[in-house]
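Participant: Which chain is which? The protein sequence lines are A and B, in order. Per this note's numbering, the very first residue in the first sequence carries number 10; after that it's consecutive. Per this note's numbering, the very first residue in the second sequence carries number 33; after that it's consecutive. This is the structure I have questions about; it appears just below.
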Amino acid sequence: MDVRGAREPVLSPQPAAPPVAIVGMACVFPGAPDLDAYWHNLREGVDAITTVPPARWDPVYFDPDSAAADRFYCRRGGFVDGLVEVDALGFGIMPVAARGAEPDQLAALQLASRALADAGYGERGDRALPADRTGVILGRGNYIGAGMTRLEQHVRTAEQLVSALRDLVPGIDDKRLSQVKAEFQSRLSAYGPDTAIGLVPNLTASRIANRLDLGGPAYTVDAACASALLAVEQAMTGLQSGRLDLCLAGGVHLSHDVAFWSVFTQLGALSRGQQIRPFDRRADGLLIGEGLGLLVLKRLADARRDDDRIYAVLHGAGVASDGRGATIMTPSLGGQRLALERAWSGCGLDPASIGLVEAHGTGTPVGDAAEVATLRDFFGPAAPGAERATLGSVKSMIGHTMPAAGAAGLIKAALAVHHGLRLPSLHCEEPLPALADTRFQVLPHAAPWADHRRVAAVNAFGFGGINGHVVLANEEEARRARPRPRGDEGLLWLARPDRAALRRALEEGAESGGEGPCRLALVDPTPARRQKALAALDKGGDRRGRDGLWLAERGLLHPTGEGQPGRLCFLFPGVEAQVPPRLPDVARHLGRVLPPDDALTALERHGATVVENGRLLAEALAGLGVRPDLLAGHSTGEWTGMMAAGLIPKGELDAFLATLDPGSLEVPGVVFLSVGAGLDRVEPLVAGIDDLVVSHDNCPHQVVLCGAEGAVAQARVRLQQARVLHHELPFRSGFHAPFFAPFLAPHRQRLATMPLGPATTPLWSATTCAPYPQDLDEVRRLAADHLVQPVRFRALTERLYDAGARVFVQLGMGSLVGFVSDTLHGRPHLAISAQEPQRPGLAQLRRAAAALFVEGAPVDLGRLDPPRPAAPRAPLKLDLGVPLVRLSTPLQLAAAPAPSAPPHLPGDPVLARFEALAREVEHSRDAVAQAWRRSAAPAPPPPRTHTRQLSLSTCPFLADHSLIPQPPGWPVISDWNPVVPMTMTLRMMLEAAAAAVPGAVAVGLEQVRAHRWLAVEPPVEVTVRAEPLAADRVKVTVEGYSEGVVRLAPTWPAPPAAGPDTLSDAQPVGISAREMYDQRWMFHGPAYQAVERLDQVGADGITGLLRALPAEGALLDAAGQLFGLWVMLRVERDKLAMPVKLERIELFGPEPAPGELLRCVVRIRQLAAREVRADLELARGGVTWCRITGWTDWRFETDGRLWPVMQRTEEHLFAESRGDGLAIVDDPGRSTSSRDYLARRFLGAPERAALAALPPREQVPWLLGRIAAKDAVRGLLRQQGGPPLFPVELTVAEGTDGRCEVEGPQAADLRLDVATLGSLAVALAVRGHEPGVAIVPVTGELPEQAARLHAARAALSRARGPVEPGRPPAEVVEVAGDRLCLDGVWVDTLRRGDHILAWTTT
Amino acid sequence: MSDKAEILDTIAGLIRQVVGEDWIADVDIGMDTSFSDDLELESIEFVALAEHLQQVWGDRIDFVGWLSGMELDEIIGLRVGQLVDHVAGCLER
């Protein structure tokens, strides 16, 4: 039978479209700068309505008795002034452009970034955005915004003002009109080409796609008040059709323009009572709000697959228009009902299940009545006795946010279903009578919403009859959302002498720091959380919670004056049920890379990770200055503890653990049973069962039983009957029970031969509940025997407490924190884990360190966070208002105007003489100018060339313009690399041009380009060619190096007054000019140290004072130094900026004499990936001497690895150093210029010559090998306490036997081996014997294990010399993790990408 | 439904008692609150919570029997609402 021929009946409904999940949200609404604050306000029913701030519209407009179009009877609403902050520079937008842009564009960009971060796609997120398939759809009304208004004022209002004055004020002249216009325009924010693009309305969406590099469709939707829900509906459709994988959707409205208010006033839609009362019988109109709400949407199946946190699931959306059924202002029931029907049909949910409706609810009598009728009509009447669903409108708290209203409502509904809370709606004390007949009621307070299935719906109905409705519900599937990366959650820590001072500091928003016993630490210090901390402070008492707030008046570790301070105990967990994640971020913080783990079995990995984490965390805490007084471990955690105590030398424990035979970790037929009750309860319950023992007595609520399978089954039945919680553990090692005794011998043996040292910190045993013995043989016995003895952790906790332990830190993941707190319940103590599965390693470590700080431990919290630039970037607060412009310069109008006649006072001979003289001067000036113009007309003079010798002998000051700092007194000049500053070249150009056209003054320079460094060692002769293009323009070329066009004039132009020097978000630079040079921010020596004082740095520039110095080009070079310093302070990478071109220089006088002081203002115009451009002004005595437009610096590629090496080479290694003289350079993809810099940094003159002689292909490996070699030596010497060493002080050369030899201070008996391959190099330096290193690629033919062996053999043969022919290759004797023992020599290996590195160890 | 709200209230109170620290007073404990992600409840605290539940509702609920049917991952992922549902279910019977 042909199945395909049989037709299905077509009556079956369309399958429901796949549901869409809300996985991220962000918002700004009145009273709420962020999502957390919004949720808080929704829950608490906060009324965020206020009187209009005067900056939004002038109080003059308020007149309750006027009916004029420009007078409003209402003056309250919802405003977000001061709440909208944008990190414009972070998005690559210059402050001047940001200030001129439509504010909602920048605000939307910031919120998009926040919403994505909330969804786990943050900057530090650990997963990539599906950028090509991510869309942006925003509801935005095409209403007039602040940006458009400002533009309008510039272009139209200014002219209107002038035109009115001209018409009305007799005697006013053009000069005065220009003055009025100029003053008016100067009071507006800047307007220019940069800002104009910010006024294009669709940029609100497309700028997000542009700045966040998204490839999906990005556009705005305007459907009046339904806009946001329409945007959500379109986003859902895009996701459901598979066209998009992720979509940002929401609504935006930042406008309280007077025109907008006028419209609503004229319509009579605003409340005369100044109160918005949705669904109250007294309602008389709406209040206008504003804000932005963005949601991150994704198909539910994808969200579940990705373990996203799901706020709510969107099941259906419906959109409908009223058709002809409505007038523009009066809604139609038909259109609303149709939208609801469309949303619910096929969405898979029953309207009868509705639990909450977030209504359109504007508080207008007609609108609310229509909406209630629709709800009654669609959801049916109230069922007698049934609980009513909740009806509300967030407009009662924030006003009507217009196109963003749907987003405000949807975010509210999503939070309600997510948290299971029915939310209140305000000012509805007298509900509309019609409500009684519906299934809904309005709640004055929040109430729990305990249904397992929580279904909600959101309305948004727009002017003109456009209706949107969305149906959503909570995510039902119980899942464990992935821990979202919250690495950068931030921490505020404060110490003060007493509570009052602490409170003051918190209130005043003090920065982290201070002294005193009264301490506080607050994770994620948002304003809302600071409030919470204040409340906790006021409440009294200490806080030791898991909510990221710690507070102690006198911490447990703080010396109290009387009695001993409490003691700090580190606890090392053993292997528990959950496999702990590794801690790569903590390793990075310690400057290390975790070894790859591919060679380990799961069980080995589990055990190895527990140890590795314990060690990393102990080391990280030690690095912060935290030292424990006591140590203890749980089960095999005691071994980690032995190492932390110093009992086991570092290398030995690895060997011990790595060679544990995994088979020995399982005792057949033996099972562990964890029981949730104390020993007193469990023992009688399981009495009489054979082959069953208590292996762990952990705390009053947990013991662990160990026994034969049959015995455990028996115990389970008894426990089940007694309703005692219990579960079987997923491992069967038989540890801590007699069952393990037959397997103990190998452990005993291994411990017997293991070298032990004395403990430096006392380690307590959970077997004896006392410190480990002094005698090392007894230590060996206890360390082995504890495997067959019960773990008495509860008793140990009590003994530790008796010994003074008050603060317990668990170094790894585990249950010990719970055990301790259960045992010590009610007694003062703190137990905290330094690792939690919910957070990245560093984040939880920071929390543990913060808690320790509060308890009085000496913790250097600052070291946990990467060093910030001297002046952190302050977010730009967006200015939302366009206040009326007030002018302040009164017009001085003449009483009797005589427009054209010159002022003439007859009978005054002195004056007449003066006038004659003035006219004469004027004439002669014109004559000179005419003569000049005439002389400019004929053909320009011929080109002239001259040469100039440049060297340190002709220009000794250039020694102070050397790019590469070297050890003081270093004799090889070329190693310093002295170069001619670009500003000296400018002077050469000006002089050459002036010489070519005698009698003229060089007043400017244009189109300057520098092609390459002009280095002066060895000495160089340059040819300077001056080619007049016209009488007033000369092109000057320094052949092979640079060029520019000099402008000439008969005299200096009149100098303009110095411009303003205000910067946005200005703050002190933070370092002094002296420090700038001493700390080598600048490479310049004394002759070029012309920055006298650093003043302010801001988002858009920097200011300072310069002193003219005799060295050629020193003054303008110092201006360039200021510019360069801004880049160093304000950008994260590629911080070294060097001038490459200048658009225009204007000079207004001769060069200042040495000693003269000039004020310099640098204004940044553009910050791009590779270039940064600025305008500069130098002024003396209030007048401008020099104005530079378009000075462009090239940003040299300097990553986090190169930057410290550039600043202080002698103190930093470029290679990764692994201690013991090993250095690895893994440096792919570096640009040529950056690599050239490295070569200059690391190689002396002979080595540079050797490099240049190599074929190009061999140069990179050779260079990286030399760097690795020198850093291996520098690392070893540093470890041995040697002084700082510059790379040029070491010479590495190939010896006769193919090995490298090193010469230099303290390097006499150093032996060295280097291997390189591509962009990878490894070097090992040791004393006294030959080292060996090797790099071997992993390939299909040579898989990892084989490559490891191969590399190890190669390294060994490097160390021992070539293998004699016929001799068999070295055999592996032993393997321990990545270490191999070949013929008695241990070789370490490391996988790096597709290569294995190997090196011999001692 | 109001029964569940009451149960949620009781359970939230017990959680606060078990944790016994100031911070938990400020936390909204709702149906969707996760024991591990939101409250960071230690396994031992969970045991103590079970003890309290048994004290409040006695033999009417079988918390142990309910949990013994779950995998460790499920127990870790538990939300307060699931516990409320379970208790409500037991009380109805």
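Heads up, the beta-carbon is just placed ideally off N, CA and C, and yes, glycines get one too.
1) Which parts of the region 1289-1356 of chain A are runs of the beta strand (DSSP E), unbroken and 3 residues or longer, counting only runs that do not cross its ends?
2) Establish whether the CB of A:Phe100 and some CB of chain B are separated by less than 8 Å.
3) Give me, in chain order, the residues of the same chain whose beta-carbon lies closer than 7 Å to that of A:Arg16; leave out the 5 immediate sequence neighbours on both sides.
4) So, is A:Pro18 buried or exposed, given that buried needs 16 or more other C-beta atoms within 10 angstroms?
5) Check whether chain A comes within 8 Å of B:Val88, counting only Cβ atoms and requiring the distance to be less than that.
6) Please list the residues of the region 389-402 of chain A that have a C-beta atom closer than 8 Å to any C-beta atom in chain B, keeping them in chain order.
7) Between which two residues does the beta strand (DSSP E) carrying A:Phe681 extend?
8) For A:His1338, count neighbouring C-beta atoms within 10 Å of its own C-beta (all shown protein chains included) and say buried if the count is 16 or more, exposed if not.
9) Are the beta-carbon atoms belonging to A:Val684 and A:Val713 less than 8 Å from one another?
10) The alpha helix (DSSP H) that contains A:Arg123, what's its start and end?
11) Please compile the residues from chain B whose C-beta is within a distance smaller than 7 Å of the C-beta of A:Asn483.
12) Please report whether the beta-carbon of B:Ile47 lies at a distance below 8 Å from any beta-carbon of chain A.
13) Checking contacts by CB at 8 Å: is B:Glu77 closer than that to chain A?
14) Rounding to the nearest angstrom, what Cα-Cα distance links A:Glu517 and A:Phe88 in this structure?
15) Cutting at 7 Å between CB atoms, please list the residues of its own chain near A:Phe1251, excluding the five before and the five after it.
16) State the start and end residues of the unbroken alpha helix (DSSP H) segment that holds A:Asn468.
17) Using a threshold of 8 Å, state whether the C-beta atoms of B:Arg111 and B:Thr65 are closer than that.
18) Straight-line CA distance for A:Arg1244 to A:Ala137?
19) Let's test the definition: count the other Cβ atoms within 10 Å of the Cβ of A:Ser195 and tell me whether it reaches 16, buried, or not, exposed.
20) Among the residues of its own chain, which have a CB less than 7 Å from the CB of A:Asp551, if the five just before and after it don't count?
21) Helix, strand or coil for B:Val119 per DSSP?
22) Quick one: grab the DSSP three-state call for A:Trp1395.
23) What do you reckon, is the C-beta of A:Arg165 under 7 Å from a heavy atom of the ligand MN?
24) At the 8 Å Cβ level, is A:Pro139 part of the contact set with chain B, yes or no?
25) Can you list, in chain order, the residues of the region 808-838 of chain A whose Cβ is nearer than 8 Å to any Cβ on chain B?
26) If you follow the alpha helix (DSSP H) that A:Thr246 is in, where does it begin and where does it stop?
27) Measuring only the C-alpha atoms, how far is A:Tyr1097 from A:Glu1312?
28) For a test of the three-state rule: what should DSSP assign to A:His705, helix, strand or coil?
29) Can you round the beta-carbon distance between A:Thr399 and A:Leu452 to whole angstroms, since I take them to be within the 8 Å contact cut?
30) From the DSSP secondary-structure annotation, give me the bridge partner or partners of A:Met34.
31) Can you tell me the Cα-Cα spacing of A:Val209 and A:Ser198, whole angstroms?
32) Label A:Gly1049 either buried or exposed according to how many other C-beta atoms from any shown protein chain fall within 10 Å of its C-beta, with 16 as the threshold for buried.
33) What three-state label does DSSP hand A:Asp1235 in the structure shown?
34) Using 10 angstroms around the beta-carbon of A:Glu281, count the other beta-carbons present and answer buried if the total reaches 16, otherwise exposed.
35) What in chain B is Cβ-close to A:Cys708, meaning under 8 Å?
36) Starting from A:Ser1243, trace the alpha helix (DSSP H) both ways and give me its first and last residue.
Facilitator: Reading off the structure:
1) Qualifying beta strand (DSSP E) stretches, in chain order: 1300-1303, 1309-1312, 1319-1326, 1329-1336 and 1342-1346.
2) no
3) Summary for A:Arg16: the model assigns pLDDT 34, below 50, so the residue's position carries little reliability; its value from the coordinates is reported in the next sentence. Closer than 7 Å at the Cβ level, and outside the excluded window around A:Arg16, lies no residue.
4) Note on A:Pro18: pLDDT 33, under 50, position unreliable in the model; the coordinate value appears next. In summary, A:Pro18 is exposed, with fewer than 16 beta-carbon neighbours lying within 10 Å of its beta-carbon over all protein chains present.
5) no
6) Glu396
7) Val679 to Val684
8) exposed
9) yes
10) Pro112 to Asp127
11) Asp64
12) B:Ile47 does not count as touching chain A.
13) yes
14) 24 Å
15) Arg1275, Ile1276, Lys1279 and Pro1296
16) Here A:Asn468 belongs to no alpha helix (DSSP H); instead the beta strand (DSSP E) covers Val464 to Gly471.
17) yes
18) 30 Å
19) A:Ser195 should be labelled exposed.
20) Leu560, Ala561 and Glu562
21) If DSSP states are grouped into helix, strand and coil, B:Val119 belongs with the helices.
22) strand
23) Because no ligand of any kind appears in the structure shown, any question about the ligand MN cannot be addressed here.
24) With a threshold of 8 Å between beta carbons, A:Pro139 makes no contact with chain B.
25) Ser824, Val826, Gly827, Phe828, Ser830, Asp831, His834 and Gly835
26) Ser236 to Gln249
27) 34 Å
28) strand
29) 6 Å
30) A:Leu304
31) 17 Å
32) If you draw a 10 Å sphere on the C-beta of A:Gly1049, you find fewer than 16 other C-beta atoms in it, and that means exposed.
33) strand
34) In the sequence as presented, Glu is not what sits at residue 281 of chain A; that position holds Arg. Burial call: exposed.
35) Ile76
36) Thr1241 to Phe1251
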